[in-house]
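Quick notes on the structure that follows.
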Amino acid sequence: MSKPNLILAIESSCDDTSAAVLSNNVVLSNLVAGQKIHEQYGGVVPELASRAHQANILPVVHQALQKAQIELSQLSAIAFTKGPGLLGSLLVGSSFAKGLAWGLNIPLIEVNHMQAHILAHFIKNENDEYPDFPFICLTVSGGHTQLVLVKSATNFELIGQTIDDAVGEAYDKAAKLLGLPYPGGPLIDKYAQNGNPNAFKWPTPDVGKYEFSFSGIKTSVLYFLQKQVKENPNFIKENLEDICASLQHHLVKILLDKLTLAEKKYQTKNLAIAGGVSANSHLRSSLKTLGKKLGVKTFIPKFEYCTDNAAMVGIAGLQLFQNNHLASLSSKPTARLAV
Ligand code: KG4
Ligand code: ZN
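Each residue of the sequence shown is one higher than the one before, counting from 11 in the numbering used here.
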């Protein structure tokens, strides 16, 4: 048997510094250092994120190697996130990856962050169940909301995307209006558990068939809360669970209605979700229900591979490495990058 490929992967596109080691499709380690500093600002402050990556990157890579029990000299290649993301943050990860690849004289692989979220579905799992190509992936994160037709591990077609805010942004901005800290998505999810999903009605955006729009919903939350709080200053406190449950129910319905339309057109019989918002409990359970209703297979990432992590960069890097898609040492990160 040939020796497995040992990939060190680095992810630094936003506010999490992450490093992982993979032996082919098996994750040996996957460490994530979050950045608490942004909580007080209600969103990620790019300059502070870059500085925290700078402080975190070496210890995180070191620990990832230690946990995997892999020496630098054993590595086959280094994969890093090229974009999309915050440029200062990307520069830290890419410079580190380039320096290390150069020092070790091993191949460098540049990975598209959105493709990595999708390819996380190919990380080795207990049941050895993976999507069949082509499949449709609903990619939902803090910066993106996309419907992607995944034709192969290196061939992606954008079916549609948001024309303004991402759904994660809608969660985070609504949470901020509710007085919750950043990132608000997981907190809305938590408070929604005991609320009434039909308590309040939210608008449905009128956009193209495969497009999304979330900025109007955010504005309607703002106006609704302003009006209610004027009448009852305790309105948010008294109705937090119902507000969260009804908003979450509405957002998930919008997402899955569009995914259903895309499946009706492309008939892939394989539907997946990916990205930070795929950690959402209601989206996860509703996708399973939808799969049964449509008679199609559904794929939900393991919790640790939903939000930003380097293991997904590693699995995407592995596909590129196996297809000989290598980067040069003059590779540059890009803040904007299509899927
Ligand atoms: O993919 P990700 O970690 O970073 C980006 O590439 O943007 O996604 C972060 C987003 C944030 O907006 C966060 O609020 C959201 O994912 N998120 C959630 C949940 N967990 C994370 N949104 C709703 N429910 C959750 N359980
Ligand atoms: Zn992401």
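The beta-carbon is built from N, C-alpha and C at its ideal position, and this holds for glycine as well.
Short of 7 Å from the beta carbon of residue 219, and not among the five residues preceding or following it, lie these beta carbons of its own chain, in chain order: 271. At a threshold of 6 Å, residue 27 does not count as near the ligand KG4, since its beta carbon sits no closer than that to any of the ligand's heavy atoms.
Per the Cβ contact rule, the segment 145 to 153 is in contact with the segment 277 to 289 (3 or more Cβ pairs under 8 Å). At least one heavy atom of the ligand ZN is found less than 6 Å from the C-beta of residue 318. For residue 288, the shortest C-beta to heavy atom distance toward the ligand ZN is 6 Å or greater. Shown here, residue 13 sits in coil according to DSSP, grouped into three states, outside any helix or strand. Inclusion of residue 59 and residue 41 in the CB contact set at 7 Å is not warranted, their separation being larger than that value.
Not one heavy atom of the ligand ZN sits closer than 6 Å to the Cβ of residue 22. Residue 142 is classed as exposed because its beta carbon has fewer than 16 other beta carbons within 10 Å across all chains shown. Rounded to the nearest angstrom, the gap between the Cα atoms of residue 319 and residue 104 is 15 Å. Under the DSSP assignment, residue 168 falls in the beta strand (DSSP E) whose first and last residues are 165 to 171. Distance from the Cα of residue 87 is smallest, within the candidate group 329, 44, 308, 67, for 329. If you draw a straight line from the Cα of residue 135 to the Cα of residue 244, it is about 46 Å long.
In this structure, residue 151 has its beta carbon less than 6 Å from a heavy atom of the ligand ZN. Between residue 176 and residue 323, the gap from beta carbon to beta carbon reaches 7 Å or more. At a threshold of 6 Å, residue 103 does not count as near the ligand KG4, since its beta carbon sits no closer than that to any of the ligand's heavy atoms. The DSSP assignment places complete beta strand (DSSP E) segments of no fewer than 3 residues inside the segment 127 to 153 at 145 to 150, in order along the chain. Separation of residue 47 and residue 212 (C-alpha to C-alpha, rounded to the nearest whole angstrom) is 32 Å.
In this structure, DSSP gives residue 81 a state outside helix and strand, which the three-state scheme calls coil.
Using a C-beta cut-off of 8 Å, the segment 221 to 229 makes contact with the segment 167 to 174, since at least three inter-stretch Cβ pairs fall below that distance. Taking 7 Å as the cut-off, the Cβ atoms of residue 157 and residue 167 do not count as close. The DSSP-derived three-state label of residue 203 is coil. By the neighbour-count definition (other C-beta atoms within 10 Å, threshold 16), residue 303 is an exposed residue.
For residue 312, the three-state secondary structure derived from DSSP is coil.
Residue pairing by DSSP leaves residue 263 without any beta bridge partner. Per DSSP, reduced to three states, the secondary structure at residue 74 is helical. Scanning the segment 177 to 248 for uninterrupted alpha helix (DSSP H) segments of 4 residues or longer gives 177 to 187, 195 to 202, 225 to 241, listed from N- to C-terminal end.
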